[in-house]
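Engineer: One structure follows; several queries about it will come next.
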Amino acid sequence: MLADRLRQATDQLAGVSDTPRLDAELLLAHALEISRDALLLGAANGRRVPEAFEALIARRLAHEPIAYILGERDFWTLSLNVGPGVLIPRPDSETLIEAAIAFFKDRQASPRSILDLGTGSGALLLAALDHWRQAFGLGIDQSEVALGFARSNAVRNSMSDRAEFRLGNWCEGVEHRFDLILCNPPYVESDAVLSPQVHAFEPASALFAGPDGLDDYRVLIPQLSARLNEGGAAVLEIGAGQAADVAAIARAAGFEVQARKDLAGHDRALVLSPVLFSCKDRVIG
Ligand code: GLN
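Heads up: the sequence shown runs through residues 325 to 609, numbered per my numbering.
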């Protein structure tokens, strides 16, 4: 019986997952080749538990992330292909899209050009392009594997005519200026202890950034102002507790900084806009 096996699988997964019931449902639906919604609505009632289900459970019991087993993860308005070698998009990163939307709404403007540094699966760039349908974007990553996923995601979401992906190291070799720069760099301290599903499966190069986790901000933030159009902004993801340190690096590079919180209440996104020269000291008349 499907329902019995689902209950049993939930108990099995409780030791490795914070969401064992959800995981079991997703894996069973995957094995049945139907959606989780269809499973919950009874579309598979009366069917036998597929043999493939046992292997999927075994992979999850070995801590493999659900998104890698399923080969996809939803982010913002999109479904994205993911797999070994690319960081799985986190809901926290949607804070960057919210921050960017708020920035341009305040200015009653829309970005026409978007640069995503360390694009990975293309999550941030493609989410932004889905919101701003007139915009074009460039995604940079140092990993060919990641770029393969990013390109497949542009095709999957019908955005390959507006999104280009290129191998590179932050802004090196990027010549144009952009209205919006997005970046979720590695920011985990090199000796931090991560859960096995992250540590043993996701790419270390997308996670770790030196003893204090700030190595990549020190390199990339000073490169940003030369790549920003007037009136534009860079929106960076930060780790919980890093706001003050990263904001200091940004101010030293000539930016005004605003923070935006994620759903857990941590400052998660910093919005960097170039400081404009103040007119307030000028004598008028
Ligand atoms: N938020 C991720 C994690 O801790 C880290 C992503 C990153 O370093 N950019 O799992």
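The beta-carbon is built from N, C-alpha and C at its ideal position, and this holds for glycine as well.
Quick caveat: nothing in here was measured; it's all calculated off a predicted structure.
Would the beta-carbon of PHE460 fall within 8 Å of that of LEU471?
Structural biologist: Not a contact, by the Cβ cut-off of 8 Å.
Engineer: From what residue to what residue does the alpha helix (DSSP H) around VAL543 run?
Structural biologist: First-last of the alpha helix (DSSP H) with VAL543: 539-548.
Engineer: Start and end of the alpha helix (DSSP H) containing ASP569?
Structural biologist: Counting along the chain, the alpha helix (DSSP H) containing ASP569 begins and ends at 567-576.
Engineer: Can you tell me whether ALA386 is buried or exposed? The criterion is at least 16 other CB atoms within 10 Å of its CB, across all chains shown.
Structural biologist: Label assigned to ALA386: exposed.
Engineer: Opposite LYS429 in the DSSP bridges: which residues?
Structural biologist: Paired residues: none, contrary to the question.
Engineer: Rounded to the nearest angstrom, what separates HIS523 and GLY534 at their Cα positions?
Structural biologist: Going by the C-alpha atoms only, they are around 15 Å apart.
Engineer: Give me the Cα-Cα distance between VAL469 and SER597, rounded to the nearest whole angstrom.
Structural biologist: Roughly 32 Å between the two C-alpha positions.
Engineer: Return helix, strand or coil for ILE493, following the three-state DSSP convention.
Structural biologist: Note on identity: in this sequence residue 493 is Asn, with Ile being the wrong assignment. ASN493: coil per DSSP, three-state reduction.
Engineer: Between ALA423 and ALA568, how many whole angstroms is the CB-CB distance? I'm expecting something under 8 Å.
Structural biologist: Incorrect: roughly 17 Å between the Cβ atoms, too far for contact.
Engineer: When DSSP builds the beta bridges, which residues end up paired with VAL581?
Structural biologist: Answer is LEU596.
Engineer: What are the start and end residues of each continuous beta strand (DSSP E) run of 3 or more residues lying completely inside the stretch 450-482, in chain order?
Structural biologist: Listed in chain order, the complete beta strand (DSSP E) runs (minimum 3 residues) inside the stretch 450-482 are 460-465.
Engineer: Between the stretch 446-460 and the stretch 527-547, do at least 3 Cβ pairs fall closer than 8 Å?
Structural biologist: The stretch 446-460, when compared against the stretch 527-547, does not touch it at the 8 Å Cβ threshold.
Engineer: Which two residues bound the contiguous beta strand (DSSP E) that contains VAL559?
Structural biologist: 552-561 is the extent of the beta strand (DSSP E) around VAL559.
Engineer: Measure the CB-CB distance between PHE579 and TYR392 and report whether it falls below 8 Å.
Structural biologist: Going by C-beta atoms, PHE579 is not nearer than 8 Å to TYR392.
Engineer: When DSSP builds the beta bridges, which residues end up paired with PHE532?
Structural biologist: According to DSSP, which records beta bridges pairwise, PHE532 is partnered with VAL512.
Engineer: Considering only their Cβ atoms, is the gap separating ARG584 from THR419 smaller than 8 Å?
Structural biologist: In contact: THR419 and ARG584 (Cβ atoms closer than 8 Å).
Engineer: Between LEU560 and the ligand GLN, is there a pair consisting of the residue's CB and a ligand heavy atom that are separated by less than 7 Å?
Structural biologist: No, the beta carbon of LEU560 sits no closer than 7 Å to any heavy atom of the ligand GLN.
Engineer: Are the beta-carbon atoms belonging to LEU441 and TRP494 less than 8 Å from one another?
Structural biologist: A contact, by the Cβ cut-off of 8 Å.
Engineer: What is the C-beta distance between GLY407 and PRO527, in whole angstroms, given that I count them as a contact (C-beta under 8 Å)?
Structural biologist: Going by Cβ atoms, the distance from GLY407 to PRO527 rounds to 11 Å, so no, they are not a contact pair.
Engineer: Counting C-beta neighbours from all protein chains within 10 Å, is the total for ILE332 16 or more, i.e. buried, or is it exposed?
Structural biologist: Here residue 332 turns out to be Gln, not Ile, going by the sequence shown. Exposed.
Engineer: Going by CA-CA distance only, name the one from GLY395, PRO415, ALA558 that's closest to HIS354.
Structural biologist: Among GLY395, PRO415, ALA558, the Cα nearest to that of HIS354 is on GLY395.
Engineer: Return the residue from the list ILE464, ASP515, ALA478 that minimises the CA-CA distance to GLY497.
Structural biologist: Measuring from the Cα of GLY497, the nearest candidate turns out to be ILE464.
Engineer: I believe LEU330 touches ARG371 by the beta-carbon criterion, under 8 Å. Please report the beta-carbon distance rounded to the nearest angstrom.
Structural biologist: With a Cβ gap of about 12 Å, LEU330 and ARG371 do not count as contacting.
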